[in-house]
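Protein chains in written order, with the numbering used here: chain S, 1 to 230; chain F, 231 to 526. Glycine included, C-beta positions come from ideal geometry on N, C-alpha and C. Everything on this sheet refers to the single structure shown next.
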Amino acid sequence: MTERAAIELTSVAMRYGDRTLFRDVSVSLAPGSFHFLTGPSGAGKTTLIKLCYSELTPSEGNVAVFGDDTGKMRRNDVAKMRRRVGVVHQDCQFIDHLSVADNVLLPVTVSGASAADIDANMSELLGWVGLTDFVDHTPPELSGGERQRAALARAVILSPDVILADEPTGNVDWEMSLKILNLLIELNKLGKTVLCATHDMSLIRQAKTRISARVLRLRGGSVELAGAEL
Amino acid sequence: MKVFWDLVRGDISAEKVVPPTGLTAFLTAASAAAMAFLAIFVLALAVTAARQAAGWEDALADTATVRISASVETMEAQADTVEEILAQTPGVGATRRLSAEEQVEILAPWFGPDLPLESLRLPVLIEVNIDGNGPDAVGLGLRFAAEAPGAVYDDHGRWREPMVRAAQSLRRLALTSLLLIAGVTAVTTALAASASLAANGQVIDVLRLVGAEDAYITRAFVRRFTLRALIGGAVGTFLGLVAVALVPNVSTSSVGADIGFDGFEWLWPFLVPIAAGSLAFTATRLAAARRLKAVS
Chain S
1 MTERAAIELT SVAMRYGDRT LFRDVSVSLA PGSFHFLTGP SGAGKTTLIK LCYSELTPSE
61 GNVAVFGDDT GKMRRNDVAK MRRRVGVVHQ DCQFIDHLSV ADNVLLPVTV SGASAADIDA
121 NMSELLGWVG LTDFVDHTPP ELSGGERQRA ALARAVILSP DVILADEPTG NVDWEMSLKI
181 LNLLIELNKL GKTVLCATHD MSLIRQAKTR ISARVLRLRG GSVELAGAEL
Chain F
231 MKVFWDLVRG DISAEKVVPP TGLTAFLTAA SAAAMAFLAI FVLALAVTAA RQAAGWEDAL
291 ADTATVRISA SVETMEAQAD TVEEILAQTP GVGATRRLSA EEQVEILAPW FGPDLPLESL
351 RLPVLIEVNI DGNGPDAVGL GLRFAAEAPG AVYDDHGRWR EPMVRAAQSL RRLALTSLLL
411 IAGVTAVTTA LAASASLAAN GQVIDVLRLV GAEDAYITRA FVRRFTLRAL IGGAVGTFLG
471 LVAVALVPNV STSSVGADIG FDGFEWLWPF LVPIAAGSLA FTATRLAAAR RLKAVS
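Here it is in structure tokens:
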């Protein structure tokens, strides 16, 4: 019996007005897999990521998360689904007046649980992303790389099954990019499904030396599996 | 009920995610206080006017007057006849002929206290207390016409009717004013809440991103605005009651009344802050629902 995909896009098309961003896209992310999503700027990487956690609705086709069609989900079901899908946004999206610790803890807070109810230890988690010394800082006080790592800590605090990372290394230097990549690889080794959008080919090549990652390339309005030219 | 309990209990974590907004908080509370102050005045005026009108109406409804205008020669005889007829008429209680001094007192506001009564031909006035539904006014009029042609039975209907109309108008005016005040309070709170929701668009986006349900996000804003309106309403009510208490007492004059609340009427002011809080609660929930519709 085939294992149910963590995320599955079937014949998805996305249009903004008269412009078709992509069409007939079918992608299946198996549980525990690691995928990179690449392509030129404006190809629709962020849009495709947003479709995966229902921030956007496809113009055509279906998106299923853990087997449930997002188009048929009620708003509360979408909220619950997002607790199982950790998202690292391109622009991080924090609540600026809250401390780093409170921001990282947000998914726990909004789910009605307390820090004691979760598996992850807050100080261990912040230590894992290297932000132990920044617990009481606010997001505006962090550098780009620190913000990305704080976003990653927030994305994994509920131990979600899927991690969606949209250009997580977009605003950081190579050294920090490698640190963030290492964290994503560690999560994948823990069994998490990872989809990482990036235009950084060096990063993809670096990852492929260490894990078996598939590379999806958005080009010309469709998705293709990138081959050995990488 | 759960919504109400959530409101009372509060959710510290939900409230913490919304940044404090000093000016919006002050404006919401201040506008609720101003509206509550006005509402107290309208209520005080409305209940006072209604009470006064009801008092006048009752007084006029319980009594009638027979006025006898006749020549000096027949006046006394007609007055005696009228008293006899009244004594035999069902629906008529005690009767009393007004003395000359009482008539001077009645006319004093128009002619002054030194009215030369002896030089005027005043009618004889007989005050009639009504029993039950009162006498058959038409039958009584016919008997007067036959036996005391100078007598006219006045059941005060022409006085009572304008009183009733005035009281009804005052009630309508008060209700309209209260509805306007409630509407302005709701609109003001909704605008403040909408401004706050718009200013915190990123907070809402982040909360949705990390899996917050709409109820959680709504709770974060609703309790804040409801409490502001409740506190503002309570302060405005208190100040309104103080202001009403400071209005000079005019009940000793023939037309005045003590402006304020009496007996069970004191329950009305306590409803004002509750109404302000309820309006804010509803307005903020609607504003939040509208804002959240735009967020995926």
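Starting from residue i, trace the beta strand (DSSP E) both ways and give me its first and last residue.
i: Y16/S; result: 7–16
i: G130/S; result: Note, G130/S: premise wrong, no beta strand (DSSP E); not H, not E.
i: C196/S; result: 193–197
i: S111/S; result: Counting along the chain, S111/S falls outside any beta strand (DSSP E), and DSSP gives it neither H nor E.
i: E224/S; result: 222–225
i: H97/S; result: Careful: H97/S lies outside any beta strand (DSSP E) and carries neither H nor E.
Residue i lies in the alpha helix (DSSP H); which residues open and close that run?
i: E391/F; result: 387–429
i: G466/F; result: 444–475
i: T304/F; result: 302–318
i: F500/F; result: 497–523
i: E186/S; result: 174–189
i: V104/S; result: 100–104
i: T46/S; result: 45–52
i: R147/S; result: 144–156
i: L56/S; result: Looking at the DSSP string, L56/S is not in any alpha helix (DSSP H), and its letter there is neither H nor E.
i: E538/F; result: Since the first residue shown for chain F is 231 and the last is 526, residue 538/F is missing from the structure and cannot be characterised.
i: S202/S; result: 201–208
Can you check DSSP and say which residues form a bridge with residue i?
i: G232/S; result: Summary: the structure shown does not reach residue 232/S, with chain S confined to residues 1 through 230, and so no result is reported for it.
i: N232/S; result: The displayed coordinates of chain S run from 1 to 230. Any statement about residue 232/S would go beyond what the structure contains.
i: I298/F; result: V354/F, A381/F
i: R19/S; result: Y16/S
i: L37/S; result: A197/S, L216/S
i: T293/F; result: N359/F
i: V25/S; result: V12/S
i: D69/S; result: A64/S
When you compare the CB of residue i with every CB in chain C, is at least one pair closer than 7 Å?
i: D444/F; result: You won't find chain C in this structure, because its protein chains are S and F.
Is residue i near the ligand ADP, with its Cβ less than 6 Å from a heavy atom?
i: D488/F; result: The ligand ADP is not among the ligands present in this structure, which contains no ligands whatsoever.
Next on the checklist: Against chain S, which members of the stretch 423–436 of chain F pass a CB distance test of less than 8 Å?
Outcome noted: For the stretch 423–436 of chain F, the residues whose beta carbon sits under 8 Å from a beta carbon of chain S are, in order, Q432, V433, D435, V436.
Item to check | Where the stretch 67–81 of chain S meets chain F: residues whose CB sits under 9 Å from a CB there | outcome: Against chain F - using a Cβ distance shorter than 9 Å - the residues of the stretch 67–81 of chain S are R75, N76, V78, A79, K80, M81.
Checklist entry - Where in the stretch 318–386 of chain F do unbroken runs of the beta strand (DSSP E), each at least 3 residues long, occur, reported from the N-terminal end onward? => result Taking only runs of at least 3 residues, the beta strand (DSSP E) segments lying wholly in the stretch 318–386 of chain F are 322–327, 354–360, 381–384.
Checklist entry - Any chance the stretch 136–152 of chain S sits against the stretch 96–113 of chain S, with 3 or more Cβ pairs inside 8 Å? => result Touching, per the Cβ criterion.
Item to check | Inter-stretch contact (C-beta, 8 Å, three-pair minimum) for the stretch 330–342 of chain F and the stretch 262–269 of chain F | outcome: Touching, no.
Item to check | Residues within the stretch 33–66 of chain S neighbouring chain F, beta-carbon criterion of under 9 Å | outcome: Interface annotation for the stretch 33–66 of chain S against chain F: K50, Y53, S54, E55, L56, T57, criterion Cβ-Cβ distance under 9 Å.
Next on the checklist: Please list, in chain order, the residues of the stretch 99–110 of chain S that have any C-beta partner in chain F closer than 7 Å.
Outcome noted: The residues in question are L106, P107, T109, V110.
Item to check | Contact set between the stretch 199–226 of chain S and chain F, restricted to residues whose Cβ is under 9 Å from the partner | outcome: Taking 9 Å as the Cβ-Cβ cut-off, the stretch 199–226 of chain S has no residue approaching chain F.
Checklist entry - What residues from the stretch 271–297 of chain F come within 9 Å of chain S, judged by C-beta to C-beta, listed N to C? => result Within the stretch 271–297 of chain F, no residue has a Cβ that lies closer than 9 Å to any Cβ of chain S.
Checklist entry - Going along the chain, which residues of the stretch 511–523 of chain F sit with their C-beta nearer than 9 Å to a C-beta in chain S? => result Only those residues of the stretch 511–523 of chain F whose C-beta falls short of 9 Å from the nearest C-beta of chain S are listed: L522.
Item to check | Any 3 or more C-beta pairs closer than 8 Å across the stretch 275–282 of chain F and the stretch 424–440 of chain F | outcome: Note that the stretch 275–282 of chain F does not touch the stretch 424–440 of chain F; fewer than 3 beta-carbon pairs, one per stretch, sit closer than 8 Å.
Item to check | Near-chain S residues of the stretch 253–272 of chain F (beta-carbon distance less than 7 Å), N- to C-terminal order | outcome: Result list empty, no residue passes.
Checklist entry - What residues in the stretch 451–464 of chain F bring their beta carbon closer than 8 Å to a beta carbon of chain S? => result Hits within the stretch: zero.
Item to check | Interfacial residues, the stretch 121–154 of chain S to chain F, with Cβ spacing under 9 Å | outcome: Listed by position along the chain: R154.
Checklist entry - Per the contact definition of three or more C-beta pairs closer than 8 Å, is the stretch 155–165 of chain S in contact with the stretch 183–195 of chain S? => result With the cut-off at 8 Å, the stretch 183–195 of chain S and the stretch 155–165 of chain S touch.
Next on the checklist: With a threshold of 8 Å, are at least 3 pairs of Cβ atoms found where one atom belongs to the stretch 79–92 of chain S and the other to the stretch 147–161 of chain S?
Outcome noted: Two segments are said to touch when three or more pairs of C-beta atoms, one from each, lie closer than 8 Å; by this definition the stretch 79–92 of chain S touches the stretch 147–161 of chain S.
Checklist entry - Any chance the stretch 244–260 of chain F sits against the stretch 385–396 of chain F, with 3 or more Cβ pairs inside 8 Å? => result No, because fewer than three Cβ pairs between the stretch 244–260 of chain F and the stretch 385–396 of chain F fall closer than 8 Å, the two stretches do not touch.
Checklist entry - Do the stretch 49–63 of chain S and the stretch 3–18 of chain S touch if we need at least three Cβ pairs shorter than 8 Å? => result With a cut-off of 8 Å, the stretch 3–18 of chain S and the stretch 49–63 of chain S count as touching, because enough Cβ pairs lie within range.
Next on the checklist: So, does the stretch 445–454 of chain F touch the stretch 506–521 of chain F, judging by three or more C-beta pairs under 8 Å?
Outcome noted: The stretch 445–454 of chain F, when compared against the stretch 506–521 of chain F, does touch it at the 8 Å Cβ threshold.
Checklist entry - Do the stretch 18–28 of chain S and the stretch 218–225 of chain S meet, that is, are 3 or more Cβ pairs less than 8 Å apart? => result Note that the stretch 18–28 of chain S touches the stretch 218–225 of chain S; at least 3 beta-carbon pairs, one per stretch, sit closer than 8 Å.
Checklist entry - Does the stretch 68–77 of chain S come within contact of the stretch 165–182 of chain S, defined as at least 3 CB pairs closer than 8 Å? => result Judged by Cβ distances under 8 Å, the stretch 68–77 of chain S makes no contact with the stretch 165–182 of chain S, as fewer than three pairs qualify.
Next on the checklist: When you compare the stretch 287–305 of chain F with the stretch 493–507 of chain F, are there three or more beta-carbon pairs, one atom per stretch, that lie closer than 8 Å?
Outcome noted: Verdict: no, contact absent.
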